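Worksheet for the structure shown next.
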Amino acid sequence: MTDVFAHALRRKAARLAVNALIGLFALLPILWGFLSSLKPTDKIVEFPPRLLPENPTLEHYVRIFADNAAYFIANSIAVSAASVLLTLALGALAGYAIARFRFPGRDTLMVSTVAVMSIPIASLLVPTFTLLSATGLADTRLGLVLLYSAYQLPVVVWMLYGYFLSLPVEVENAARVDGCSPTRTLFKVVLPLSKPGLVAAGLFVLVFAWNDFVVAVTMTSSETARTFPVAIYFYLGFYGREWGPLLAASIVSIVPIVAIFVFLQRHFVSGLTGGGVKG
Amino acid sequence: METRRAEFWVPYRLIAPAVALEAGLVIGPLLVGFWYSLHNVRFFQIRSFVGWDNYARVVTSPEVLGSLAATAIFAFFSLILTFALGFALALWLERDGRSATLMRAIVLVPYMIAMLVGSMLLKWLFSQEAGLSQLALGPLGMGDVSILANPKSAMAALVFNAMWRDAAFAMIMLLAGLKSIPPSLHLAARVDGADAWMRFRRITLPLLRIPILITVVRLLIHFVNILTFPLILTGGGPGNSTEVVVLRMFRLGFQDHILGPANALAILVFLANLALVAMLLLLFRRAGRL
Numbered sequence: 001m002t003d004v005f006a007h008a009l010r011r012k013a014a015r016l017a018v019n020a021l022i023g024l025f026a027l028l029p030i031l032w033g034f035l036s037s038l039k040p041t042d043k044i045v046e047f048p049p050r051l052l053p054e055n056p057t058l059e060h061y062v063r064i065f066a067d068n069a070a071y072f073i074a075n076s077i078a079v080s081a082a083s084v085l086l087t088l089a090l091g092a093l094a095g096y097a098i099a100r101f102r103f104p105g106r107d108t109l110m111v112s113t114v115a116v117m118s119i120p121i122a123s124l125l126v127p128t129f130t131l132l133s134a135t136g137l138a139d140t141r142l143g144l145v146l147l148y149s150a151y152q153l154p155v156v157v158w159m160l161y162g163y164f165l166s167l168p169v170e171v172e173n174a175a176r177v178d179g180c181s182p183t184r185t186l187f188k189v190v191l192p193l194s195k196p197g198l199v200a201a202g203l204f205v206l207v208f209a210w211n212d213f214v215v216a217v218t219m220t221s222s223e224t225a226r227t228f229p230v231a232i233y234f235y236l237g238f239y240g241r242e243w244g245p246l247l248a249a250s251i252v253s254i255v256p257i258v259a260i261f262v263f264l265q266r267h268f269v270s271g272l273t274g275g276g277v278k279g
Numbered sequence: 001m002e003t004r005r006a007e008f009w010v011p012y013r014l015i016a017p018a019v020a021l022e023a024g025l026v027i028g029p030l031l032v033g034f035w036y037s038l039h040n041v042r043f044f045q046i047r048s049f050v051g052w053d054n055y056a057r058v059v060t061s062p063e064v065l066g067s068l069a070a071t072a073i074f075a076f077f078s079l080i081l082t083f084a085l086g087f088a089l090a091l092w093l094e095r096d097g098r099s100a101t102l103m104r105a106i107v108l109v110p111y112m113i114a115m116l117v118g119s120m121l122l123k124w125l126f127s128q129e130a131g132l133s134q135l136a137l138g139p140l141g142m143g144d145v146s147i148l149a150n151p152k153s154a155m156a157a158l159v160f161n162a163m164w165r166d167a168a169f170a171m172i173m174l175l176a177g178l179k180s181i182p183p184s185l186h187l188a189a190r191v192d193g194a195d196a197w198m199r200f201r202r203i204t205l206p207l208l209r210i211p212i213l214i215t216v217v218r219l220l221i222h223f224v225n226i227l228t229f230p231l232i233l234t235g236g237g238p239g240n241s242t243e244v245v246v247l248r249m250f251r252l253g254f255q256d257h258i259l260g261p262a263n264a265l266a267i268l269v270f271l272a273n274l275a276l277v278a279m280l281l282l283l284f285r286r287a288g289r290l
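Keeping their order, the protein sequence lines are chains F and E.
Residue 186 in our numbering sits at position 186 of the first sequence, and the numbers go up by one each step.
Residue 38 in our numbering sits at position 38 of the second sequence, and the numbers go up by one each step.
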């Protein structure tokens, strides 16, 4: 009997050890960045490194906010929120059309949605910049919103199409018999029933827009439209490598997305496995 | 009759805004890019039609060929290691219970944070200045090695970056697949005396083939087109050892401003992606659906 007990204990210890190793692998770079960001500049680069900062200081956090970090964060929030709203609006209309109507060209549309999903953003960067410059949308927040929406729209259409299909069609028919137009039915009946689907799809766009660096750094040049990841990037090169503010800004950018993720994790995971192909 | 004719156009009106956005910002740039790739372009001014010259220039450029090799090495090792780690994590954390739920959330953190930030944190971890990696390498007799200054270890660091961030993605995709396998199958096999390895090979793997296919295709496309990791972590260096093809294209376009060849390379990258997806799908189908 004690043997069984000892065996179970050993199993538990082994499991704990493996979990600790996994946790260390996932979190060590973040933890090390955080601890380093609390060190004064002359102590950041130190060998052998001290694990815990001797005199923790918030000077780097003060510094990035003196450098206008709040404005860039606000830019990121505004661009992300607008992208989510625009993508959901267009995606709901298109997804609803594909889910509830049979019309000539429907199959072509579904196939091309998948095709567009698999176009790599990287191969679009250079000509997109040319196009935005020609239309005056380069270096504007609106330009970023339109691009993020365009890149995530196929995935969102696909997700919402699947979600609408799973809804009972009888409720809609009843509304239609009562004289609701298709668009009215969508807004008054379908969308209120689709909250989980909308949250999953919206979260998808939000994470993309909040985290994007490549599109933002190529399409913006002035501070007006600069998003937070691009602002972080500039600490890498402009005044030599400034590890303190660089790490502080990195840590700050992690906080909101992890907070959102803690609350909405389930939706994000369902969206991830239900969604598209975009790399 | 009247309403029916009016209703004919309803779905088209509903999809019109979405189609317009995609046409303007995805299909449009693709066509514009193709047009540019056939011309001599200087600072956004089209000078002259040059036909396929830009393509010829690109495919014979040693830098581009080198970047193709770097892409292949990076994508190959990243795919194998990320998938293996993600699969192991999925199997390990499949069980219910609080500790598994917590661990799944922890593993997802690197995937949630911005790629730029993740690469930045790893750059700090691997840098000689930060010292932590130096401290770890010390006992191995490699204390003075600068990881990012040596071509081989820089590539390894880049692959580590991919694995660190994207193993969580593979894990989630495969977990969803694992959860959809009815437990009764495993139970029945266990009653019949099948050991864990047998059950894994005969039940888990065959039933997981579609999630595996989707995960592999999405990971591979992601790794072939990745720009942020090499741009931030290694800057393509040392030398050009980690300059992947997308980074080369980025530099042709946004640093050197030679837009003809940059667009030619972009079109080639696009075609390579198409070919890659088609090939993988064919391969999986040929293999009897895995």
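We put the beta carbon where it would ideally sit given N, CA and C, even for glycine.
Just so you know, these numbers come straight off a predicted model, no measurement behind them.
Pairwise C-alpha distance: THR135(F) and THR60(E) | 34 Å
Shortest alpha-carbon distance to ARG98(E) belongs to which of ALA115(F), LEU16(F) and GLY105(F)?
-> LEU16(F)
Test: MET249(E) CB closer than 9 Å to a CB of chain F = yes
Do the segment 191-199 of chain F and the segment 84-98 of chain E make contact, defined as three or more Cβ pairs closer than 8 Å?
-> no
Would you mind stating whether LEU121(E) and SER250(F) have Cβ atoms separated by less than 9 Å?
-> Going by beta carbons, LEU121(E) and SER250(F) fall inside the 9 Å limit.
Where does the unbroken beta strand (DSSP E) through GLN128(E) begin, and where does it stop?
-> Segment: none, GLN128(E) is in no beta strand (DSSP E) and carries neither H nor E.
Note down, in chain order, every chain F residue with its Cβ under 9 Å from the Cβ of PRO17(E).
-> ALA89, LEU90, LEU93 and ALA94
is_contact[MET291(E), chain F] using C-beta, thresh 9 Å = The structure shown does not extend to residue 291(E), since chain E is modelled only from 1 to 290, so the question has no answer here.
Among ALA156(E), ALA88(E), LEU108(E) and ILE15(E), which one has its Cα closest to the Cα of ARG100(F)?
-> Selected option, being the one with the closest Cα: ILE15(E).
Inspect the CB distances between the segment 246-266 of chain F and the segment 51-63 of chain F and report whether three or more fall short of 8 Å.
-> yes
Short Cβ contact (9 Å threshold) for ALA170(E) with THR215(E) = yes
Under the rule that 16 or more other beta-carbon atoms within 10 Å means buried, what is GLU2(E), buried or exposed?
-> Note on GLU2(E): pLDDT 46, under 50, position unreliable in the model; no value is reported.
Any idea which residues DSSP pairs GLN45(E) with across the strands?
-> ARG42(E)
Does the Cβ-Cβ distance between TRP35(E) and PRO110(E) come in under 9 Å?
-> no
Candidates ILE44(F), ALA78(F), ALA259(F) and GLN152(F): which alpha carbon is nearest THR87(F)'s?
-> Looking only at ILE44(F), ALA78(F), ALA259(F) and GLN152(F), the smallest Cα-Cα distance to THR87(F) is reached by GLN152(F).
Determine, using beta carbons only, whether TYR253(F) comes closer than 9 Å to chain E.
-> Residue identity differs from the one stated: residue 253(F) is Ser in this sequence, not Tyr. Chain E contact via Cβ: present.
How many angstroms separate the CA atom of THR130(F) from the CA atom of PHE250(E)?
-> 14 Å
For LEU158(E), which of ALA70(E), ASP192(E), TRP197(E) and ALA105(E) has the nearest alpha-carbon?
-> Nearest C-alpha to LEU158(E) among ALA70(E), ASP192(E), TRP197(E) and ALA105(E): ALA70(E).
With DSSP as the reference, label GLY28(E) as helix, strand or coil.
-> Of the three classes helix, strand and coil, the one that applies to GLY28(E) here is helix, per DSSP.
Of the choices ALA114(E), HIS222(E) and LEU125(E), whose alpha-carbon is the least far from that of THR82(E)?
-> HIS222(E)
Interface partners of ASN211(F) on chain E, CB under 9 Å = MET112, ILE113, ALA114, MET115, LEU116 and VAL117
How many angstroms separate the CA atom of VAL277(F) from the CA atom of THR113(F)?
-> Unreliable placement is indicated for VAL277(F), whose pLDDT of 37 sits below 50; no coordinate value is reported for it.
Chain C residues whose Cβ lies nearer than 7 Å to that of GLN265(F) = Absence of chain C from the displayed structure is noted, the protein chains being F and E.
Straight-line Cα distance separating PHE72(F) from THR227(F) | 5 Å
Could you check which residue in ARG102(F), ILE30(F) and LEU90(F) has the C-alpha nearest to that of GLU7(E)?
-> ARG102(F)
Would DSSP call PRO229(F) helix, strand or coil?
-> helix
Return no unless some Cβ of chain E is closer than 9 Å to the Cβ of PRO154(F).
-> yes
Report all residues from its chain with a CB closer than 6 Å to the CB of TRP243(F); omit the five preceding and five following residues, and keep chain order.
-> ILE44
Give a yes or no on whether the C-beta atoms belonging to ASN211(F) and ILE113(E) are separated by under 9 Å.
-> yes
Would DSSP call LEU38(F) helix, strand or coil?
-> coil
Please report how far the alpha carbon of GLY118(E) lies from the alpha carbon of VAL26(E), in whole angstroms.
-> Cα to Cα, the separation comes out at about 28 Å.
Which value, in whole angstroms, describes the spacing of the CA atoms of VAL50(E) and PHE254(E)?
-> 21 Å
Of all the alpha helix (DSSP H) runs that stay within the bounds of the segment 61-93 of chain E, which reach a length of 4 or more residues?
-> 62-92
Buried/exposed call for PRO120(F), threshold 16 Cβ in 10 Å = buried
Backbone secondary structure at GLU59(F) - three-state DSSP | helix
Give a yes or no on whether 9 Å exceeds the smallest Cβ distance from MET279(E) to chain F.
-> Not one chain F Cβ lies under 9 Å of MET279(E).
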